[in-house]
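Chemist: Can you keep this structure in mind? I'll have questions shortly.
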Amino acid sequence: DLKPARNTRETVLLPIAGIKALQQPGVYLAVMRASGTYSYSQPATLFTLSDIGLSVHRYSNRLDVFTQALEGGKALGDVSVDVYDDNGKVVAQGKTDS
């Protein structure tokens, strides 16, 4: 049901399993609008499809990044990781080990 109470926030799980274009891992932009509307201001959100779980621990002089498979929890090695600043500039790069 896509008719939540007015002025409330609601989490809705969209059925994307049957959409062929959304079967590849990646970052996607979802724009939510009623059919037939063409406003220039639409609610939108980013979402990701991935089997990689990411855990980041920040210390005063370093970041520790851990990756694991969401399916089964196995540690994942050789995963490329980029760290961006507030302006979208890459400030660090690396790969996880196993």
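All residue numbers for the sequence shown refer to the numbering used here, where the first residue is 141 and numbers rise by one. Every residue, glycine too, gets a C-beta built ideally from N, C-alpha and C.
What does DSSP give as the partner residues of D204 in its beta bridges?
Modeler: The residue labelled residue 204 in the question sits at position 64 within the sequence shown. H197, per the DSSP bridge assignment.
Chemist: Taking just the CA atoms, how far does G158 sit from A184?
Modeler: As a position in the sequence shown, residue 184 is number 44, starting the count at 1. As a position in the sequence shown, residue 158 is number 18, starting the count at 1. Computed Cα separation, rounded: 21 angstroms.
Chemist: Can you tell which of S195, V152, T188 and K214 has the C-alpha that lies nearest to the C-alpha of F206?
Modeler: For the purposes of this step, residue 206 is identified with residue 66 of the sequence shown, where counting begins at 1. Nearest C-alpha to F206 among S195, V152, T188 and K214: S195.
Chemist: Distance check for T188 and R198, CA to CA, integer angstroms please.
Modeler: Within the sequence shown, residue 198 is the residue found at index 58, counting from 1. Within the sequence shown, residue 188 is the residue found at index 48, counting from 1. Separation of R198 and T188 (C-alpha to C-alpha, rounded to the nearest whole angstrom) is 23 angstroms.
Chemist: List the endpoints of the continuous beta strand (DSSP E) containing K235.
Modeler: What you label residue 235 is simply residue 95 of the sequence shown in a count that begins at 1. Per DSSP, K235 belongs to the beta strand (DSSP E) from V230 to K235.
Chemist: Could you tell me the alpha carbon to alpha carbon distance between E150 and S220, rounded to whole angstroms?
Modeler: Within the sequence shown, numbered from 1, the residue matching residue 150 stands at position 10. Within the sequence shown, numbered from 1, the residue matching residue 220 stands at position 80. Each residue's alpha carbon lies about 34 angstroms from the other.
Chemist: What do you reckon, are the CB atoms on A209 and I192 nearer than 9 angstroms?
Modeler: Here residue 209 refers to the residue found at position 69 of the sequence shown. Here residue 192 refers to the residue found at position 52 of the sequence shown. Yes.
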